[in-house]
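Residue numbers (UniProt numbering): 1 to 318.
We put the beta carbon where it would ideally sit given N, CA and C, even for glycine.
These numbers were taken from a predicted model, which means no experiment stands behind them.
As structure tokens, the structure follows; a few thoughts come after it.
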Amino acid sequence: MIRLASGPNPIDPSALKLSSLEIKDLLPNMSAHQLEDNSQQDNKVSKLKSALGPLSGHSLVFCSDASLRRYLDARSWNVENAKQMIEETLKWRSTYKPHEIPWHEVAHEGETGKVSRASFHDRHGRTVLIMRPGLQNTTSAEGNIRHLVYLLENAIINLPKGQEQMSWLIDFTGWSMANNAPMKTTRDIIYILQNHYPERLGMSFLYNPPRLFQAGYKAVKYFLDPRTAQKVNFVYPNDKASDELMRSHFDMENLPKEFGGEATLEYDHEEFSRQMFEDDLKTAKFWGLEEKQYLKPNGFSPADVVPEPATSLASVAN
Numbered sequence: 001m002i003r004l005a006s007g008p009n010p011i012d013p014s015a016l017k018l019s020s021l022e023i024k025d026l027l028p029n030m031s032a033h034q035l036e037d038n039s040q041q042d043n044k045v046s047k048l049k050s051a052l053g054p055l056s057g058h059s060l061v062f063c064s065d066a067s068l069r070r071y072l073d074a075r076s077w078n079v080e081n082a083k084q085m086i087e088e089t090l091k092w093r094s095t096y097k098p099h100e101i102p103w104h105e106v107a108h109e110g111e112t113g114k115v116s117r118a119s120f121h122d123r124h125g126r127t128v129l130i131m132r133p134g135l136q137n138t139t140s141a142e143g144n145i146r147h148l149v150y151l152l153e154n155a156i157i158n159l160p161k162g163q164e165q166m167s168w169l170i171d172f173t174g175w176s177m178a179n180n181a182p183m184k185t186t187r188d189i190i191y192i193l194q195n196h197y198p199e200r201l202g203m204s205f206l207y208n209p210p211r212l213f214q215a216g217y218k219a220v221k222y223f224l225d226p227r228t229a230q231k232v233n234f235v236y237p238n239d240k241a242s243d244e245l246m247r248s249h250f251d252m253e254n255l256p257k258e259f260g261g262e263a264t265l266e267y268d269h270e271e272f273s274r275q276m277f278e279d280d281l282k283t284a285k286f287w288g289l290e291e292k293q294y295l296k297p298n299g300f301s302p303a304d305v306v307p308e309p310a311t312s313l314a315s316v317a318n
């Protein structure tokens, strides 16, 4: 049986970077061309650091070497383009403050488990977000986006050491046009993901999408960067190619039956909320926000941490 959430402690992303000399010592058979490429990348990271100038506070923590590499990678290692991209992200983060969103502000969006973090990782060590659009429970575009952004930040803070990306599992059970996100909301989500979380998505698996969605995806694909589009995989039950793809990325014992695996997917909103509250404290510590809204004088009340659901989730689970 699968419990959603819980994961390893956050890490300093800057610890993920290896110098060319370290790589040479670890991988003596690496070609000279590969070593040269890595040396050039190191040089561009240094140039991007210089171009950004002195940083402090949140910007200093955010602009780790690993982050700079992701932005450079997203802009084909063009320093000026990467600089512009990361400056736009820093501006967005200074106003939207995604790292300061506490769970109790978005918990009502997650009552049905429409988006949640799984307790397991894929075979590459990526954090896994499970999405079930058929369980949509609100009509607020901003609420849905804010909830997703919270979980993106949560997935990142729970990445294991050495991993920078996450995987998405999307279950289309119960999906219809009636609960489909408006095109504008979809476009806004794509914009945030591609411009402010570059190279964070490793792979996405759309399980058994109906034909109607597949037709609509053609319009959505227009807004996707080609590299992002290559990470979108349509998978189907009773399909050999799909089964092989899922087995290559997931342990079948961990993968829920909803995605062709062997495990039972269970979402308990109260338990998930408690885990998110614990992660909020971890997030606050990572970003140096202990003195801000995460920690109230007497801590969170149970109502803050675990909002009363509109219906009994225990009865739904049973």
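Enumerate in chain order the residues of its own chain whose CB-to-CB distance from residue i is below 6 Å, with the five nearest sequence positions on each side excluded.
{"i": "Y150", "result": "I101, V106"}
{"i": "Y207", "result": "D171, V235, F259"}
{"i": "F223", "result": "R187, I190"}
{"i": "R70", "result": "P198, E199"}
{"i": "T185", "result": "A141"}
{"i": "L295", "result": "Bear in mind that a pLDDT of 47 at L295, under 50, signals an unreliable position, so the model cannot answer this."}
Do you know how far the Cα of residue j is from the Cα of residue i?
{"i": "M177", "j": "P226", "result": "26 Å"}
{"i": "G143", "j": "Q136", "result": "12 Å"}
{"i": "V305", "j": "S273", "result": "Because the pLDDT of V305 is 46, which lies under 50, any placement of that residue in the model is unreliable, and the question is left without a value."}
{"i": "E88", "j": "A241", "result": "40 Å"}
{"i": "E253", "j": "A66", "result": "32 Å"}
{"i": "R93", "j": "H99", "result": "8 Å"}
{"i": "M183", "j": "L255", "result": "30 Å"}
{"i": "residue 348", "j": "W168", "result": "For the chain, the structure presents residues 1 to 318; residue 348 sits outside this window and is missing."}
{"i": "S64", "j": "A229", "result": "27 Å"}
{"i": "G110", "j": "L281", "result": "19 Å"}
{"i": "K231", "j": "G53", "result": "33 Å"}
{"i": "A51", "j": "R75", "result": "15 Å"}
{"i": "Y217", "j": "A181", "result": "12 Å"}
{"i": "N43", "j": "K83", "result": "14 Å"}
{"i": "V61", "j": "N238", "result": "46 Å"}
In the DSSP assignment, the alpha helix (DSSP H) including residue i goes from what residue to what residue?
{"i": "M166", "result": "Counting along the chain, M166 falls outside any alpha helix (DSSP H), though it belongs to the beta strand (DSSP E) covering 166 to 171."}
{"i": "L281", "result": "269 to 287"}
{"i": "R132", "result": "It is not in any alpha helix (DSSP H) - R132 carries neither H nor E in the DSSP assignment."}
{"i": "L183", "result": "Just to set this straight, residue 183 is Met in the shown sequence, not Leu. Where M183 is concerned, the enclosing alpha helix (DSSP H) stretches over 183 to 196."}
{"i": "F62", "result": "57 to 62"}
{"i": "S67", "result": "65 to 74"}
{"i": "K91", "result": "79 to 96"}
{"i": "I156", "result": "141 to 157"}
{"i": "Y217", "result": "211 to 221"}
{"i": "K240", "result": "240 to 249"}
{"i": "E105", "result": "103 to 106"}
{"i": "K138", "result": "For the record, residue 138 in the displayed sequence is Thr; it is not Lys. Taken as a continuous stretch (DSSP letters only), T138 belongs to no alpha helix (DSSP H), as it is neither H nor E."}
{"i": "T228", "result": "226 to 229"}
Mind checking who residue i pairs with in its DSSP beta bridge?
{"i": "H124", "result": "H124 pairs with nothing; no bridge assigned."}
{"i": "M203", "result": "S167"}
{"i": "P256", "result": "A263"}
{"i": "R117", "result": "L129"}
If I follow the unbroken beta strand (DSSP E) through residue i, where does it start and stop?
{"i": "N233", "result": "232 to 235"}
CB-CB under 7 Å to residue i, same chain, minus the five flanking residues each way: which ones, in chain order?
{"i": "D73", "result": "E199"}
{"i": "W175", "result": "P133, G134, P210, F213"}
{"i": "Y197", "result": "L152"}
{"i": "H121", "result": "T127, V128, P160"}
Using 8 Å as the cut-off, classify the Cβ of residue i as near or not near the heavy atoms of the ligand MG, replying yes or no.
{"i": "Y267", "result": "The ligand MG is absent from the structure shown, which contains no ligands of any kind."}
Counting only the same chain and skipping the five closest in sequence on each side, list residues whose C-beta sits under 8 Å from that of residue i.
{"i": "K47", "result": "V79"}
{"i": "L193", "result": "L152, R200, L201, T228"}
I'd like to know whether the C-beta of residue i is nearer than 9 Å to at least one C-beta of chain C.
{"i": "P237", "result": "You won't find chain C in this structure, because it holds only one protein chain."}
- prompt: With a cut-off of 8 Å, do at least 3 Cβ pairs link the region 106 to 115 to the region 240 to 252?
  reply: These segments do not touch.
- prompt: Hey, is the region 282 to 291 in contact with the region 201 to 219, meaning 3+ C-beta pairs nearer than 8 Å?
  reply: With the cut-off at 8 Å, the region 282 to 291 and the region 201 to 219 do not touch.
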